[in-house]
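Asks:
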Amino acid sequence: MIDERPLPVTDDPADAPMWEAALRGELVVQACVDCGRLRFPPRPMCPDCQSLDTGWQKLSGRGKLWSYCVAHPPLLPAFEKDAPYNVAVIQLDEAPTLRIFGRVVRGGAASGSGEAREPVDPSLLVIGARLQVVFEKVADDVALPLFLLEDDVA
Amino acid sequence: MGSLSDSTAIVGLAESEYARSLGASELELSCRVVRDALADAGVDPREVDALASFTMEGPADFELARAVGMGELNFFSQVAHGGGAACGAVAQVAMAISCGMAQVGVVWRSRKRGAKSSRVWAQVNDRISDQWKYSRPVGLLRPVDEVALMARRYMHEYGLKREQLAEVALAQREHANLNPRAAMYEKPLDLATYLDARWISEPLCLYDNCLESDGAVAVVIVSAERARDCRTRPVFIHSASQGMGEQYQVMTNFHCDDPLAGCSGATARNLWRQADAVPADVKVAQLYDAFSPLVLLSLETYGLCPVGEAGGFVEGGTLGPGGSLPVNTSGGSLSEAYVHGMNLLNEGVRQMRGSSTSQVEDADLCLVTSAHVVPSSALLLRN
Ligand SMILES: [Zn+2]
Numbered sequence: 031m032i033d034e035r036p037l038p039v040t041d042d043p044a045d046a047p048m049w050e051a052a053l054r055g056e057l058v059v060q061a062c063v064d065c066g067r068l069r070f071p072p073r074p075m076c077p078d079c080q081s082l083d084t085g086w087q088k089l090s091g092r093g094k095l096w097s098y099c100v101a102h103p104p105l106l107p108a109f110e111k112d113a114p115y116n117v118a119v120i121q122l123d124e125a126p127t128l129r130i131f132g133r134v135v136r137g138g139a140a141s142g143s144g145e146a147r148e149p150v151d152p153s154l155l156v157i158g159a160r161l162q163v164v165f166e167k168v169a170d171d172v173a174l175p176l177f178l179l180e181d182d183v184a
Numbered sequence: 197m198g199s200l201s202d203s204t205a206i207v208g209l210a211e212s213e214y215a216r217s218l219g220a221s222e223l224e225l226s227c228r229v230v231r232d233a234l235a236d237a238g239v240d241p242r243e244v245d246a247l248a249s250f251t252m253e254g255p256a257d258f259e260l261a262r263a264v265g266m267g268e269l270n271f272f273s274q275v276a277h278g279g280g281a282a283c284g285a286v287a288q289v290a291m292a293i294s295c296g297m298a299q300v301g302v303v304w305r306s307r308k309r310g311a312k313s314s315r316v317w318a319q320v321n322d323r324i325s326d327q328w329k330y331s332r333p334v335g336l337l338r339p340v341d342e343v344a345l346m347a348r349r350y351m352h353e354y355g356l357k358r359e360q361l362a363e364v365a366l367a368q369r370e371h372a373n374l375n376p377r378a379a380m381y382e383k384p385l386d387l388a389t390y391l392d393a394r395w396i397s398e399p400l401c402l403y404d405n406c407l408e409s410d411g412a413v414a415v416v417i418v419s420a421e422r423a424r425d426c427r428t429r430p431v432f433i434h435s436a437s438q439g440m441g442e443q444y445q446v447m448t449n450f451h452c453d454d455p456l457a458g459c460s461g462a463t464a465r466n467l468w469r470q471a472d473a474v475p476a477d478v479k480v481a482q483l484y485d486a487f488s489p490l491v492l493l494s495l496e497t498y499g500l501c502p503v504g505e506a507g508g509f510v511e512g513g514t515l516g517p518g519g520s521l522p523v524n525t526s527g528g529s530l531s532e533a534y535v536h537g538m539n540l541l542n543e544g545v546r547q548m549r550g551s552s553t554s555q556v557e558d559a560d561l562c563l564v565t566s567a568h569v570v571p572s573s574a575l576l577l578r579n
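Written as structure tokens, this is what we have:
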């Protein structure tokens with residue numbers, strides 16, 4: 031069992047632009063150059079028009095809470111110290127099937143990177159609540175999404 | 197009806213004891229249950245010419261074949277996706293026999309997962325390259341967390357209460373208390389204990405999770421014609437299906453139009469298409485239950501109750517002994533053992549033989565399903 035938090039491989043050309051954007055605090059997803067369909071998770075081909083011509087599009091990072099769980103032990107050691115913690119699915123405004131994962135945390139100095147953040151009060155986790163993504167840098171090459179309640183965004 | 201319909205039958209079954217920790221290796225457990233299932237059917241090991249299991253199975257097919265003393269093999273396959281594989285492995289062997297490519301098939305699964313360190317989620321690498329790279333680093337670590345997201349969404353959409361969800365665990369525990377093989381035999385469970393149990397991933401508590409077990413299961417499949425010569429009452433494979441949903445992703449299936457539909461929708465439509473029965477004909481079912489919400493979702497997607505109404509449907513002991521639709525009548529993964537759904541298959545066969553410890557009177561059709569949340573499979577068994 032690993033002691034540290036597992037991290038994504040970030041140098042796979044299939045999704046490296048996403049991780050590079052995350053380090054800049056931006057959320058990007060694949061966009062078909064031919065028909066414009068947005069897609070996540072990344073893949074080589076557009077399922078609507080079978081084009082291989084793929085670009086990346088910056089999203090607003092805004093969306094709504096689709097669902098969440100609150101994880102309790104047993105967990106990996108790196109997560110056990112934070113337990114219980116929430117993990118949410120946010121449905122992004124740009125398309126209903128664009129859903130990404132992250133914890134909902136308290137706002138404040140919303141610059142986004144590096145600082146440890148407190149989870150929100152669970153009573154504020156209401157499905158449909160408006161959320162804004164920010165990114166937390168956790169390694170030289172990795173920034174992971176966190177969500178702030180829209181009212182909490184500075 | 198499909199051409200597979202009733203052309204093959206399950207004629208032998210066996211399982212090991214189920215426990216938190218068994219001394220024997222997975223290969224030894226496999227050998228024992230395959231030997232015993234063949235003896236149950238009255239088939240000599242040298243007659244076996246087809247084998248199927250899970251891609252996640254430890255022992256290799258050739259190791260099992262040479263240990264048990266099988267003859268020449270002419271069909272061998274593995275079905276992927278863990279809990280989705282059991283019915284699919286049976287379906288593939290049945291197809292091979294039905295089309296004449298093989299004659300005597302065995303499907304088996306052995307699994308030693310009682311120990312905490314053996315859990316798949318605990319063996320994650322420090323860098324993740326597959327689709328879980330988008331969810332595990334933020335703390336969505338375990339299958340229970342992924343299913344908890346579906347359960348919470350379902351509660352939001354359809355008003356499911358915990359007391360209703362509890363019906364699944366309570367009914368299965370009642371079945372287990374009639375089944376001496378069950379790990380939870382003679383361990384009753386009541387609603388207050390369920391509601392007070394510790395959380396694993398809210399809204400799911402301890403009793404919404406399957407057991408972690410060591411154990412092994414095997415079945416023997418032959419043609420309907422050959423089945424007449426076997427020792428046991430044949431249980432015919434009336435319909436068989438595999439299914440994967442559109443825009444589906446394993447476990448973190450949150451990127452399609454309807455994440456709650458899982459893979460059961462695709463599996464169910466194809467299962468019923470090939471059958472001359474309809475969902476209302478099902479009087480007993482074994483529905484894959486690694487986590488209790490999967491039972492509710494499967495009830496709906498296989499057409500056993502309307503979508504969104506499973507919570508009301510299960511109230512009042514519907515799924516338990518003597519209920520209007522007994523489900524997971526051995527205790528299932530929640531209360532008998534977790535063998536990736538293979539024990540559900542054996543229980544389905546027992547119901548059709550008339551030898552279940554929670555026998556449903558006059559049951560002549562049993563639905564057996566594999567996992568809702570992975571590329572899946574299902575069987576309709578008939579006697
Ligand atoms: Zn396109």
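Residue numbers (our numbering), protein chains in the order written: chain R, 31 to 184; chain G, 197 to 579. For glycine and all other residues, C-beta sits at the position ideal for the given N, C-alpha and C.
1. Return the chain-ordered ranges of every alpha helix (DSSP H) run that is complete within the segment 39 to 110 of chain R and spans a minimum of 4 residues.
2. Show which residues of chain G have a CB atom less than 9 angstroms away from the CB atom of C99 (chain R).
3. Compare the C-beta of D42 (chain R) with all C-beta atoms of chain G and state if any pair is closer than 8 angstroms.
4. Within the segment 433 to 472 of chain G, note down every full alpha helix (DSSP H) run reaching 4 residues or more, in order along the chain.
5. In the DSSP assignment, what are the bridge partners of Y258 (chain G)?
6. Since E211 (chain G) is in the beta strand (DSSP E), which residue starts that stretch and which ends it?
7. How would you write the range of the beta strand (DSSP E) that Q547 (chain G) sits in, first residue to last?
8. Give the interface partners of Q445 (chain G) over in chain R, defined as CB-CB distance under 8 angstroms, in chain order.
9. Going along the segment 451 to 468 of chain G in order, which residues come within less than 7 angstroms of chain R, judged by CB to CB distance?
10. Can you grab the Cα-Cα spacing for the pair L106 (chain R) / L400 (chain G), in whole Å?
11. Kindly say whether G142 (chain R), judged by its beta-carbon, lies nearer than 8 angstroms to any beta-carbon of chain G.
12. Determine whether the beta carbon atoms of Q60 (chain R) and T40 (chain R) lie at a separation below 8 angstroms.
13. Determine the DSSP secondary structure at Q121 (chain R), reduced to helix, strand or coil.
14. Return helix, strand or coil for P339 (chain G), following the three-state DSSP convention.
15. Can you name, in chain order, every residue of its own chain whose Cβ lies under 7 angstroms from the Cβ of A140 (chain R), other than the five neighbours on each side?
16. What does a CB cutoff of less than 6 angstroms around C426 (chain G) pick up in its chain, not counting 5 residues either side in sequence?
17. As an exercise, report each continuous alpha helix (DSSP H) stretch of at least 4 residues that is fully enclosed by the segment 354 to 438 of chain G, in chain order.
18. Leaving out the 5 sequence neighbours to the left and right, which residues in its chain are closer than 7 angstroms to G91 (chain R) when beta-carbon positions are compared?
19. Would you say W86 (chain R) reaches chain G, if we count a Cβ-Cβ gap shorter than 8 angstroms as a contact?
20. Only counting runs of 4 or more residues, tell me where the alpha helix (DSSP H) segments fall wholly within the segment 475 to 548 of chain G, in order along the chain.
21. Does the segment 349 to 356 of chain G come into contact with the segment 530 to 537 of chain G, if we say contact requires no fewer than three beta-carbon pairs (one atom in each stretch) closer than 8 angstroms?
22. Taking DSSP as the reference, what is the three-state secondary structure of Y115 (chain R)?
23. Residues of chain G with a CB under 7 angstroms from the CB of F165 (chain R): which are they?
24. Answer with yes or no whether the minimum CB distance from L161 (chain R) to chain G is below 8 angstroms.
25. In chain G, which residues lie with their C-beta within 7 angstroms of the C-beta of R136 (chain R)?
26. May I have the straight-line CA-CA distance separating L234 (chain G) from V415 (chain G), to the nearest angstrom?
27. What residues come near ligand 1, if near means a beta carbon less than 6 angstroms from any of its heavy atoms?
28. For L387 (chain G), count neighbouring Cβ atoms within 10 angstroms of its own Cβ and tell me buried if that reaches 16, exposed if not.
29. List the residues of chain G whose Cβ lies closer than 7 angstroms to the Cβ of M31 (chain R), in chain order.
30. Under 8 angstroms Cβ-Cβ, which residues of chain G neighbour P186 (chain R)?
31. Is the separation between the beta-carbon of H434 (chain G) and that of L577 (chain G) shorter than 8 angstroms?
32. Is DSSP giving C562 (chain G) helix, strand or coil here?
33. Compare the beta carbon distance of H371 (chain G) and S526 (chain G) with 8 angstroms and say whether it is the shorter of the two.
34. For the segment 359 to 373 of chain G and the segment 149 to 160 of chain R, state whether three or more C-beta atom pairs, one from each stretch, are separated by less than 8 angstroms.
35. Roughly how many whole angstroms lie between the Cα atoms of L366 (chain G) and D404 (chain G)?
Replies: So, from the listed chains and residues:
1. 46 to 53, 107 to 110
2. As a working mapping, residue 99 (chain R) is identified with position 69 in the first sequence. The contact set of C99 (chain R) on chain G, defined by CB atoms closer than 9 angstroms, consists of L336, V340, D341, E342, V343, A344, L345, A347, R348, S397, E398, P399, L400 in chain order.
3. Position 12 of the first sequence, counting from 1, holds the residue named residue 42 (chain R). For D42 (chain R), the answer is yes, since a Cβ of chain G falls inside 8 angstroms of its Cβ.
4. 460 to 469
5. As a first step, residue 258 (chain G) must be located in the second sequence, where it is residue number 62. A small fix is needed here, since residue 258 (chain G) is Phe in this sequence, not Tyr. The partner list for F258 (chain G) (beta bridge, DSSP) is empty, contrary to what the question assumes.
6. The residue labelled residue 211 (chain G) in the question sits at position 15 within the second sequence. Start and end: 204 to 211.
7. Within the second sequence, residue 547 (chain G) is the residue found at index 351, counting from 1. Q547 (chain G) -> not in any beta strand (DSSP E); alpha helix (DSSP H) instead, spanning 538 to 549.
8. Within the second sequence, residue 445 (chain G) is the residue found at index 249, counting from 1. Residues of chain R passing the Cβ test: P71.
9. H451, C452, D453
10. Locating residue 106 (chain R) in the first sequence gives position 76, where the first residue counts as 1. Locating residue 400 (chain G) in the second sequence gives position 204, where the first residue counts as 1. Spanning the two alpha carbons is a distance of roughly 18 angstroms.
11. Locating residue 142 (chain R) in the first sequence gives position 112, counting from the first residue. For G142 (chain R), the predicted structure reports a pLDDT of 45, less than 50, and the residue's modelled location is therefore unreliable. A value from the coordinates is still provided. So no, G142 (chain R) is outside the interface.
12. Along the first sequence, read from residue 1 onward, the residue named residue 60 (chain R) stands at position 30. Along the first sequence, read from residue 1 onward, the residue named residue 40 (chain R) stands at position 10. Contact flag unset, no.
13. Taking the first residue of the first sequence as 1, we reach residue 121 (chain R) at position 91. Note: Q121 (chain R) maps to strand in three-state DSSP.
14. As a first step, residue 339 (chain G) must be located in the second sequence, where it is residue number 143. Helix, per DSSP.
15. Along the first sequence, read from residue 1 onward, the residue named residue 140 (chain R) stands at position 110. Confidence in A140 (chain R) is poor, its pLDDT being 47 and thus under 50, which makes the residue's placement unreliable; the coordinate value appears in the next sentence. If we look at A140 (chain R) and ignore the five residues flanking it on each side, its Cβ neighbours are V164, L178, V183, A184.
16. The residue labelled residue 426 (chain G) in the question sits at position 230 within the second sequence. V207, A237, G238, listed in sequence order.
17. 358 to 372, 387 to 392, 420 to 423
18. The sequence position of residue 91 (chain R) within the first sequence is 61, counting from 1. Here the set comprises L57, Q162, V163.
19. Stepping through the first sequence from its first residue, residue 86 (chain R) is reached at position 56. Judged by the 8 angstroms Cβ criterion, W86 (chain R) is not in contact with chain G.
20. 488 to 497, 506 to 510, 528 to 531
21. no
22. Counting from 1 along the first sequence, the entry for residue 115 (chain R) is found at position 85. Three-state result, Y115 (chain R): strand.
23. Position 135 of the first sequence, counted from the start, is the residue given in the question as residue 165 (chain R). What F165 (chain R) touches in chain G: nothing, since even the nearest Cβ is about 11 angstroms away.
24. As a working note, residue 161 (chain R) is residue 131 in the first sequence. By this cut-off, L161 (chain R) is not an interface position.
25. In the first sequence, the residue the question calls residue 136 (chain R) occupies position 106. Residues of chain G passing the Cβ test: none, with the nearest at roughly 16 angstroms.
26. What you label residue 234 (chain G) is simply residue 38 of the second sequence in a count that begins at 1. What you label residue 415 (chain G) is simply residue 219 of the second sequence in a count that begins at 1. Between L234 (chain G) and V415 (chain G), the C-alpha separation is close to 8 angstroms.
27. R:C62, R:D64, R:C65, R:R67, R:C76, R:D78, R:C79, R:S81
28. In the second sequence, counting from the first residue as 1, residue 387 (chain G) sits at position 191. When all chains shown are included, L387 (chain G) counts as exposed.
29. As a position in the first sequence, residue 31 (chain R) is number 1, starting the count at 1. Against chain G, the beta carbon of M31 (chain R) has neighbours under 7 angstroms at S313, A318, listed in chain order.
30. For chain R, the structure presents residues 31 to 184; residue 186 (chain R) sits outside this window and is missing.
31. Residue numbering aside, residue 434 (chain G) sits at position 238 when the second sequence is read from its first letter. Residue numbering aside, residue 577 (chain G) sits at position 381 when the second sequence is read from its first letter. Yes, the pair counts as a contact, with Cβ atoms nearer than the cut-off.
32. What you label residue 562 (chain G) is simply residue 366 of the second sequence in a count that begins at 1. Three-state result, C562 (chain G): strand.
33. What you label residue 371 (chain G) is simply residue 175 of the second sequence in a count that begins at 1. What you label residue 526 (chain G) is simply residue 330 of the second sequence in a count that begins at 1. Yes, they are a contact pair.
34. Contact between the segment 359 to 373 of chain G and the segment 149 to 160 of chain R is absent, because fewer than three Cβ pairs lie under 8 angstroms.
35. Along the second sequence, read from residue 1 onward, the residue named residue 366 (chain G) stands at position 170. Along the second sequence, read from residue 1 onward, the residue named residue 404 (chain G) stands at position 208. Approximately 10 angstroms between the Cα atoms of the pair.
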